[in-house]
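The opening position of the sequence shown corresponds to residue 1 in full-length UniProt numbering, with each subsequent residue numbered one higher. For each residue, glycine too, the CB sits at the ideal point set by N, CA and C. For clarity, every value in this text was computed on a predicted model and none was experimentally measured. What follows is a single structure, written as structure tokens, with notes after it.
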Amino acid sequence: MTDWLTPDEWRAVALSLRVSFWATLASLPLGLLVAYALARWNFWGKQLLNGLVHLPLILPPVVTGYLLLVTFGRRGAVGQVLDHWFGIVLAFRWTGAALAAAVMAFPLMVRAMRLAIEAVDPRLEQAASTLGASRPMVFLTVTLPLILPGIIAGTILAFAKAMGEFGATITFVSNIPGQTETLPSAIYALLQVPGGEGPASRLVWVAILIAMAALLVSEWVARGVARRVSGQ
């Protein structure tokens, strides 16, 4: 691939993989917690939380990017605190691209995990509780093995979504070559210059191959885990 792509194009691909990896990894614990809360708990504001989780799927990505900019930018309410107290700057940095990708991919991750949790018969968890298992132990020994295929599927789908994120990312961190220029941003930039169709088409094929590979791996791993759980 390094011979097929130019160094700049390869950097865009590598940055997209880096951004998607950290976006997915950072979202995983919170995504599992939110999915479990929506599937199993009854609390005030549950529907509000559900709406907030899925809001990035409904809003135009540019609006999500703008909200991230005014919140996590250097002058934003959260961005000022992060910059002043911790020296963390997200706007116009690759870490900001990871945050934007995480926000956009989060609904897909939560939805896949929530559906997997709702498919588990609560009576199995109740039976483990009556045998003296604590709630954390019930989750680790009963719920988690049964929902593992859903966790894997949600994680890989979130990774694929993060790889393709464009609107929120370019609004929040712009398109700086070598710093924030991800694969979709590089494709967009190439299409704006004469003669850029050829390089752009190469990156399009890379994006398609990565997305298809992620989906196939997700399906293969989820089926393998499901077979192990069922004892087949």
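Would you call residue i buried or exposed, if buried means 16 or more other Cβ atoms sit within 10 Å of its Cβ?
i           : result
Ala-127     : exposed
Met-212     : exposed
Gln-80      : exposed
Glu-181     : buried
Glu-9       : buried
Arg-75      : exposed
Gly-178     : exposed
Ala-200     : buried
Asn-42      : exposed
Pro-107     : buried
Asp-124     : The residue you asked about is not Asp; residue 124 is Leu in the sequence shown. With fewer than 16 other Cβ atoms within 10 Å, it is exposed.
Ile-58      : exposed
Leu-52      : exposed
Arg-111     : buried
residue 273 : Lying outside 1 to 232, the shown extent of the chain, residue 273 is not represented and no answer is given.
Give the straight-line distance between the Cα atoms of residue i and residue j, rounded to the nearest whole angstrom.
i           : j       : result
Val-217     : Val-19  : 19 Å
Glu-219     : Glu-118 : 19 Å
Gly-150     : His-54  : 18 Å
Thr-71      : Val-103 : 13 Å
Val-193     : Ile-187 : 11 Å
Glu-197     : Thr-95  : 29 Å
Ala-116     : Lys-161 : 19 Å
Pro-61      : Asp-121 : 37 Å
Arg-135     : Leu-48  : 26 Å
Leu-68      : Leu-38  : 24 Å
Leu-32      : Gly-195 : 45 Å
Leu-215     : Thr-171 : 27 Å
Ser-129     : Val-138 : 7 Å
Leu-90      : Thr-24  : 17 Å
Ser-16      : Phe-159 : 10 Å
Ala-7       : Ala-207 : It is worth fixing the name first, because residue 7 is Pro in this sequence and not Ala. If I take the Cα positions, the gap works out to 17 Å.
Asn-175     : Leu-190 : 12 Å
Trp-44      : Asn-50  : 12 Å
Arg-11      : Thr-141 : 42 Å
Ile-88      : Val-78  : 11 Å
residue 235 : Leu-30  : Here the chain comprises residues numbered 1 to 232, so residue 235 is not present and cannot be evaluated.
His-84      : Val-13  : 32 Å
Val-34      : Pro-145 : 18 Å
Val-221     : Phe-86  : 39 Å
Thr-155     : Tyr-36  : 15 Å
Lys-46      : Arg-114 : 13 Å
Leu-5       : Arg-93  : 24 Å
Trp-205     : Leu-82  : 38 Å
Trp-22      : Val-63  : 23 Å
Cα-Cα, which of the options is closest to residue i?
i           : options                           : result
residue 251 : Leu-28, Glu-9, Leu-68             : No statement about residue 251 is possible, as the shown extent of the chain runs from 1 to 232 and does not include it.
Gly-73      : Arg-40, Thr-169, Asn-42, Arg-135  : Thr-169
Leu-157     : Ala-23, Ala-77, Met-109, Leu-57   : Met-109
Pro-56      : Leu-99, Leu-190, Phe-92, Ser-16   : Leu-99
Ala-101     : Asp-83, Val-221, Gly-164, Ala-207 : Gly-164
Arg-40      : Arg-223, Trp-205, Thr-143         : Thr-143
Rounded to whole angstroms, how far is the Cβ of residue i from the Cβ of residue j, which I believe are closer than 8 Å?
i       : j       : result
Leu-183 : Leu-209 : With a Cβ gap of about 11 Å, Leu-183 and Leu-209 do not count as contacting.
Val-173 : Ala-97  : 5 Å
Gly-167 : Gly-65  : 6 Å
Closer than 7 Å to a non-hydrogen atom of the ligand COA - does that hold for the CB of residue i?
i       : result
Arg-223 : No copy of the ligand COA occurs in the structure displayed, which carries no ligand at all.
Could you tell me whether any Cβ in chain D is nearer than 8 Å to the Cβ of residue i?
i       : result
Gly-195 : Note that chain D does not occur in the displayed structure, where there is just one protein chain.
- Item | 4 or more residues per run - each alpha helix (DSSP H) lying fully within the stretch 123 to 176 | Counting whole runs of 4 or more residues, the stretch 123 to 176 contains the alpha helix (DSSP H) stretches 135 to 138, 144 to 164, 167 to 173.
- Item | 4 or more residues per run - each alpha helix (DSSP H) lying fully within the stretch 35 to 71 | Listed in chain order, the complete alpha helix (DSSP H) runs (minimum 4 residues) inside the stretch 35 to 71 are 46 to 58.
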